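Heads up: the sequence shown begins at 152 in our numbering, then just goes up one per residue.
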Amino acid sequence: MDVAAILFRQVLLMLILMMCGAVFYKIGFITDQGSKDMGKILLYLVVPCVIINSFCIDNTAENMQILCHSAILTFAGLFLSIAVSFIIFRKDGLTDFAVAFSNCGFMGIPLITATIGSHAVFYMTVMLVFAVIFQWTYGLFLMTGNPAVLQPKKLITNPTIIAALIGCVLFVFRIPLPQIVSNTFAALTGLNAPLSMMVLGVYLAQSDLIQAFKDKRVYLASFVRLLLIPIATVFLFKLIPIGFTELKITILIAASCPAGSSTALFAKEHGKDFVLASEEVCITTLLSLITIPLIIQLASAVL
152 MDVAAILFRQ VLLMLILMMC GAVFYKIGFI TDQGSKDMGK ILLYLVVPCV
202 IINSFCIDNT AENMQILCHS AILTFAGLFL SIAVSFIIFR KDGLTDFAVA
252 FSNCGFMGIP LITATIGSHA VFYMTVMLVF AVIFQWTYGL FLMTGNPAVL
302 QPKKLITNPT IIAALIGCVL FVFRIPLPQI VSNTFAALTG LNAPLSMMVL
352 GVYLAQSDLI QAFKDKRVYL ASFVRLLLIP IATVFLFKLI PIGFTELKIT
402 ILIAASCPAG SSTALFAKEH GKDFVLASEE VCITTLLSLI TIPLIIQLAS
452 AVL
């Protein structure tokens, strides 16, 4: 079975998990506070464990080369995404932010783990770090237009950055983890897909999807985030002389994910259009269940 077919089955599973989150929220089994707590568990425990666990591999010349190639592909893909989004949405900072940055953490990691394998998370750790750095600097300035909102302390204390630094130390200095720690990380890694999808399901349950589907701005944002940028990225990666196709597919899956939940969180925190931000996150998430397998099918034929 090819990657696109595996990915299609996985996104169906993720849709079911999202619907579970939405239904449980609607009937009161998950409260607003409960969904926030689930998000914190993901952000501060599960995702950092996934990242650190991905670095627990042999420090070989091949893996170092993969890390370097990942950085090249990530920078190229992010630059393309940011440039395309700015050209089209430069007068709308909130939508520019939503389209420029994909949900490569909460949605990308479980998709990649299920489709390619847990080892592939190592391929995208550079992308996770770059995405956090750009979101908390360029992204915040883009959304608010105010350089005063930039807070270096929040950037360097971000759990994704800390986890990546810890992982790099373990990888570079070949520090083995005790078996009980490795087993704990492996167990927590298994929570990533169910928790992240149920949290996104709560977002869906809180949104007026009927109204969202009537908003032309959301359609344009969805088209650019889910089709234009990923297709352009496929052909960009074709031009980059890196022959490791699995690495390219991994980065591409992450780059093809919908708008991240940070769009809505930042909008609410800084007094922007939270309703529009939530609509863009939810609609792109739903539509991505169709578009991601199509993009990977295209990539499998082109790369």
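Where is the CB? At the ideal position from N, CA and C, for every residue including glycine. Just so we're clear, the structure is a prediction, and the values are computed from it rather than from any experiment.
Measuring CA to CA, which of the options is closest to residue i?
| i | options | result |
| --- | --- | --- |
| residue 250 | 393, 454, 444 and 430 | 430 |
| residue 282 | 268, 271 and 312 | 312 |
| residue 209 | 370, 362, 273 and 161 | 273 |
| residue 207 | 368, 325 and 386 | 325 |
| residue 438 | 218, 386, 410 and 384 | 410 |
| residue 360 | 377, 301, 397 and 426 | 426 |
| residue 291 | 216, 240 and 417 | 417 |
| residue 471 | 363, 267 and 289 | Nothing about residue 471 can be read from this structure; the chain reaches only from 152 to 454. |
| residue 336 | 238, 179, 441 and 198 | 198 |
| residue 449 | 196, 385 and 233 | 385 |
Short check: CB of residue i to CB of residue j, under 8 Å?
| i | j | result |
| --- | --- | --- |
| residue 295 | residue 421 | yes |
| residue 262 | residue 402 | no |
| residue 456 | residue 175 | No information on residue 456 is available, as it lies outside the stretch 152 to 454 that the chain covers here. |
| residue 391 | residue 271 | no |
| residue 235 | residue 428 | no |
| residue 96 | residue 341 | Nothing about residue 96 can be reported from this structure: the residues present for the chain run from 152 to 454 only. |
| residue 315 | residue 369 | no |
| residue 398 | residue 217 | yes |
| residue 245 | residue 365 | no |
| residue 231 | residue 380 | yes |
| residue 267 | residue 400 | yes |
| residue 165 | residue 363 | no |
Residues bridged to residue i by DSSP?
| i | result |
| --- | --- |
| residue 253 | 410 |
For residue i, which residues in the same chain have their Cβ closer than 6 Å to its Cβ, ignoring the five residues on either side in sequence?
| i | result |
| --- | --- |
| residue 405 | 255, 259, 275 and 278 |
| residue 177 | 356 |
Classify residue i: buried if its beta carbon has 16 or more other beta carbons within 10 angstroms, exposed otherwise.
| i | result |
| --- | --- |
| residue 322 | buried |
| residue 329 | exposed |
| residue 200 | buried |
| residue 352 | buried |
| residue 434 | buried |
Using a Cβ-Cβ cutoff of less than 7 Å, which residues in the same chain neighbour residue i once the five nearest sequence positions on both sides are dropped?
| i | result |
| --- | --- |
| residue 451 | 153, 154 and 155 |
| residue 389 | 453 and 454 |
| residue 444 | 155, 158, 159 and 162 |
In chain order, what residues of the same chain lie with their CB nearer than 8 Å to the CB of residue i, ignoring the 5 residues before and after it?
| i | result |
| --- | --- |
| residue 350 | 172, 186, 189, 190, 193, 257 and 412 |
| residue 169 | 348, 349, 351, 352, 355 and 436 |
| residue 306 | 283, 284, 287, 288 and 312 |
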